[in-house]
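Participant:
Residue numbers (my numbering), protein chains in the order written: chain A, 1193 to 1576; chain B, 1439 to 1824.
1. Please report whether the beta-carbon of residue 1473/A lies at a distance below 8 Å from any beta-carbon of chain B.
2. Taking Cβ-Cβ distances below 8 Å as the criterion, which residues of the segment 1251 to 1265 of chain A are in contact with chain B?
3. Counting only Cβ-Cβ distances shorter than 7 Å, please list the residues of the segment 1750 to 1761 of chain B near chain A, keeping chain order.
4. Cβ atoms of residue 1570/B and residue 1526/B: under 8 Å apart, would you say?
5. State the beta-bridge partners of residue 1603/B as determined by DSSP.
6. Taking a contact to mean a Cβ-Cβ separation below 8 Å, would you say residue 1663/B touches residue 1602/B in this structure?
7. Return the chain-ordered ranges of every beta strand (DSSP E) run that is complete within the segment 1553 to 1626 of chain B and spans a minimum of 3 residues.
8. Could you give the residue range of the alpha helix (DSSP H) that holds residue 1544/B?
9. Anything in the segment 1711 to 1723 of chain B with a Cβ closer than 8 Å to a Cβ of chain A? List those residues in chain order, please.
10. For a quick check, are the C-beta atoms of residue 1333/A and residue 1318/A less than 8 Å apart?
11. Quick check for students: name the residue ranges of the alpha helix (DSSP H) that lie wholly in the segment 1217 to 1244 of chain A, counting only runs of 4 or more.
12. Give me the residue from 1493/A, 1347/A, 1200/A with the minimum Cα distance to residue 1404/A.
13. Work out the CA separation of residue 1487/A and residue 1537/A for me, nearest whole Å.
14. Specify the secondary structure class of residue 1280/A as computed by DSSP and reduced to three states.
15. Where does residue 1443/B land, buried or exposed, given buried means 16+ other C-beta within 10 angstroms?
16. Starting from the C-beta of residue 1641/B, find all residues in its chain whose C-beta is less than 6 Å away, skip the five residues before and the five after it, and write them out in chain order.
17. On the DSSP bridge assignment, give the partners of residue 1411/A in chain order.
18. At which residues does the alpha helix (DSSP H) containing residue 1317/A begin and terminate?
19. Run through the segment 1325 to 1376 of chain A for me and flag every whole beta strand (DSSP E) of 3 or more residues, listed as ranges in chain order.
20. If we count the other Cβ atoms within 10 Å of its Cβ and call it buried at 16 or more, is residue 1367/A buried or exposed?
21. When you compare the CB of residue 1446/B with every CB in chain A, is at least one pair closer than 8 Å?
22. Would you kindly work out how many angstroms separate the C-alpha atoms of residue 1480/A and residue 1467/A, rounded to a whole number?
23. Within 10 Å of its beta-carbon, does residue 1621/B have 16 or more other beta-carbons around it, so buried, or fewer, so exposed?
24. Measure the Cβ-Cβ separation of residue 1387/A and residue 1292/A and say whether it is below 8 Å.
25. Could you check the C-alpha separation between residue 1439/B and residue 1453/B for me, to the nearest Å?
26. At least one CB of chain A closer than 8 Å to the CB of residue 1627/B: is that the case?
27. Whose CA, out of 1398/A, 1306/A, 1565/A, 1301/A, lies closest to the CA of residue 1416/A?
28. Assign residue 1285/A to buried or exposed, taking buried as 16 or more other Cβ atoms, counted over all protein chains shown, within 10 Å of its Cβ.
29. Pairing CB atoms from the segment 1564 to 1575 of chain A with CB atoms from the segment 1514 to 1530 of chain A, are three or more of them under 8 Å?
30. Consult DSSP for residue 1559/A and reduce its assignment to one of helix, strand or coil.
31. Chain B beta carbons: is any one of them nearer than 8 Å to that of residue 1485/A?
32. Hey, is residue 1349/A close to the ligand GTP, as in C-beta under 7 Å from one of its heavy atoms?
33. Closer than 8 Å by C-beta to residue 1796/B: which residues in its own chain qualify, once you throw out the five before and the five after it? Chain order, please.
34. According to DSSP, is residue 1387/A part of a helix, a strand, or is it coil?
35. Thinking C-alpha only, which one of 1399/A, 1407/A, 1525/A, 1395/A is nearest residue 1230/A?
36. Within this structure, are the beta carbons of residue 1610/B and residue 1476/B separated by less than 8 Å?
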């Protein structure tokens, strides 16, 4: 598989770029919902438009009414989301939750997928339990009770949890906190008794919640996949989220970089365009190089994941997903920092968009593990 | 594609039968590399046999046309050959500047006679080439070069000096940039080929900080070069040189990438790795190196279909060489005092320290990192005044 987009993928990229540039633009979405202090933090109409374009079904199988595409295609949409800082539940609902639900039985898929495909439903992912991403350690418990399970514990950084119709919850049905086995994924409806959410607004104006599960009763039909053996599925969902977040970060970095190089060609000081100064040229050229490398690592990991679909784990794919998330984390951070510095004074103003890129990058860097977390995984996969 | 499967099977079978076991051992140092040429001494019978067998099949330059000593393979077939060779850890049968640098330039700019004559010799490893570009006063500003070829009708008489001529003392021939018009800076340079045994050529190896002398000073004192030994048009040698520099930058940049089965952290661990901060740096390096490998793969895929930006090799050269320098800084840190040993047997003649020092030239030779950044600024980012 060549490491560039096929003709079909390039067409999708054109569609996504045009659509997101118009409908998902910063003024129209991010600033609009932020300044209105909206509860959702994203636009429901835009979410419907995502569905009309088929975006919500990219990772849903054709048998279930989706497009049956892969992570390369999901990444194409995410890169445009990143470039325009478009707030939407696409990554959590259509990439992560869709991957989870797609592994469920007929009844579960029938219950949730049509709403997702239509852009009517929003799903959230409840995985993290502390301020850092540590999915190896899951303390939230689900005990057998009646015809199902009772869930107890707490979750954090549940992105768009307050808008979600259902939360995918990773819980422990057996074993101790750090065990690989004994994990089960549950589809927990938002209005379940004992489920409470504390809404919070993040630095990038996106919405998340702290979730409390206080003896939440669910029935057997809430189980996604197999009881006690959910680790493999969780890893697939995490990989989808990680490479998705990396693709979105590439868009964020590229958007910031474009703004910055444009500015270097417009702003004059000392009677010269500031882009004529070699000190800035070299930093811009270095950033360009790093961005190209980051982009290559992302498409490599996307293709490896797509080639190992059907749930078969691949260590090479796992490795490259972590390489991509870490590399992009490093590079996108550099892109937004250089962006603000090279814009100088106006880079510090709320009026100028470059600061919004810096905020979004920070949130995406944490989501699904930062560069330190993933570099650690690279070391472990490599046996040191 | 079933015919490619058949092709893979045939290649695999041929390699199995023809690659000597000694040539499936990892390359330990430069002595294991087969450079070919009139002065080359084969390290073993197996090395000689492996070169001869590959050359007979055109496998030293598989993508070159058959009449020029190649195997006429397309890109997919070359990829299969490379993969099958990797599968059995086969060493490259021949390494040479003729293959990497001069060959591509001759294929593009050479006359039919030149191609038939020189390319076949390169493919068989009979002639070892060196490159005469840099001069004492013309490093990064290469186009200011002064070595002059005076027109004497059917030949030029060349006078001047080159520096940093890699392996000039071991080379048989040189491809050399020579000024043939003093009034025109860019369009006054010609690309000449000549024998290093020609009267008037003197070579003086330069001792480097690594203690080795891979580079030489090369002096030309009334060297006669026949007119038919020019590549491309008179005074248009800069076009050939630029094309060739692209290939050189690709070649130098190749070294930086990571190998997923042999990350630098895994290498360091074999010598004991107890420092958590060093381990963290190694991990961050491995992230960069593995990501860079993906870029290399992407670039090769894109170049095949003309999707790569023409200035992209400059970016790859910049990133790859900086990465390789970092790799050897970390290997020295991981090696500790054992890596300082300069000539002990246990240190394989100080190979760690010498390699570390050698890599410092990576970001200088073939265009410095600073020049690469200038090129990226100008040709890719289109920044003003760059």
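Virtual Cβ for every residue (Gly too), placed ideally from N, Cα, C.
Facilitator: Straight from the coordinates:
1. yes
2. none
3. Against chain A - using a Cβ distance shorter than 7 Å - the residues of the segment 1750 to 1761 of chain B are 1753, 1756, 1757.
4. Cβ atoms of residue 1526/B and residue 1570/B: not closer than 8 Å.
5. 1654/B, per the DSSP bridge assignment.
6. no
7. 1567 to 1570, 1586 to 1589, 1593 to 1604, 1611 to 1617
8. It spans 1541 to 1547 - the alpha helix (DSSP H) in which residue 1544/B sits, taken as one unbroken run.
9. 1711, 1717, 1718, 1720, 1721, 1722
10. no
11. 1222 to 1227, 1236 to 1244
12. 1347/A
13. 30 Å
14. coil
15. exposed
16. Same-chain partners within the cutoff: 1606, 1607, 1654, 1656.
17. 1340/A
18. Premise fails: residue 1317/A lies in the beta strand (DSSP E), 1315 to 1318, not in any alpha helix (DSSP H).
19. 1333 to 1337, 1340 to 1351, 1358 to 1364
20. exposed
21. no
22. 14 Å
23. exposed
24. no
25. With a pLDDT of only 49 at residue 1439/B, under the threshold of 50, the placement of this residue in the model should not be trusted, and no figure is reported.
26. Interface annotation, residue 1627/B: not in contact with chain A, CB-CB separation never under 8 Å.
27. Selected option, being the one with the closest Cα: 1301/A.
28. Buried, since its Cβ has 16 or more Cβ neighbours within 10 Å.
29. yes
30. coil
31. Yes, its Cβ sits closer than 8 Å to a Cβ of chain B.
32. Looking at this structure, you won't find the ligand GTP or any other ligand, since it has none at all.
33. 1646, 1648, 1650, 1652
34. strand
35. 1399/A
36. Less than 8 Å separates the beta-carbon of residue 1610/B from that of residue 1476/B.
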